[in-house]
Amino acid sequence: MAPAIAHFLVGASLLLLLIIPIALRYRLAPWVPLWLVALGGLWGLGPDIHHIAPVYELKLRAFHDSPWVDLFAFHYTLDRPVVRAQYTSSVFGSILGFLGAVTTFMLATVLRTRTNLTDTASPHLVALSEALLLLLLFVAATSS
56 MAPAIAHFLV GASLLLLLII PIALRYRLAP WVPLWLVALG GLWGLGPDIH HIAPVYELKL
116 RAFHDSPWVD LFAFHYTLDR PVVRAQYTSS VFGSILGFLG AVTTFMLATV LRTRTNLTDT
176 ASPHLVALSE ALLLLLLFVA ATSS
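Here the sequence shown is numbered in the working numbering, starting from 56 and rising by one per residue.
Here's what the structure looks like:
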């Protein structure tokens, strides 16, 4: 099982990356990114609820061990033995991924405030690079 911080950071990173097209289109309030990080992190940790749930522990554990939990920020993939064996790498990799997602999100918000979407293609290139990054993450997670 990957450490909880890895699940949290992967979930937060993916939600930030998924919201970039919205951030490019609309001006978001300054508190929105903070809530996105918190909600994304909880989304990534969601399948681990069986550790603290007082009821339905066996059913929640069975759900946690199914491939369906990959819908929660690649939770099943992060819990595979290959990732579990690389504990330190998974923590530092998730930290680097989170820093990359935060940087990309900040770039998108800066581009949104400094440019007009009809005048330049730069925000669209950021959205395209985000889509390619998500595609690469998906391919890496599904190939074993």
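Ideal Cβ positions, reconstructed from N, Cα and C, are used throughout, including at glycine.
If you look at Leu73, you'll find it in the alpha helix (DSSP H) that goes Ala59 to Arg80. In the DSSP assignment, Gly95 falls within the alpha helix (DSSP H) that extends over Val87 to Leu100. Shortest Cα-Cα distance from Glu185 to any of Ala78, His62, Ala57 and Phe63 involves Ala78. In the DSSP annotation of this structure, Phe129 is not part of any alpha helix (DSSP H), being labelled neither H nor E. Residue ranges of uninterrupted alpha helix (DSSP H) with 4 or more members, entirely inside the segment 103-162 and ordered along the chain, are 112-119, 130-133 and 136-139. Pro88 and Ile74 have their C-alpha atoms roughly 9 Å apart. Using a Cβ distance threshold of 7 Å, Leu100 and His62 count as a contacting pair.
Of the residues assessed, Ser144 falls on the exposed side of the cut-off, its CB having fewer than 16 other CB atoms within 10 angstroms.
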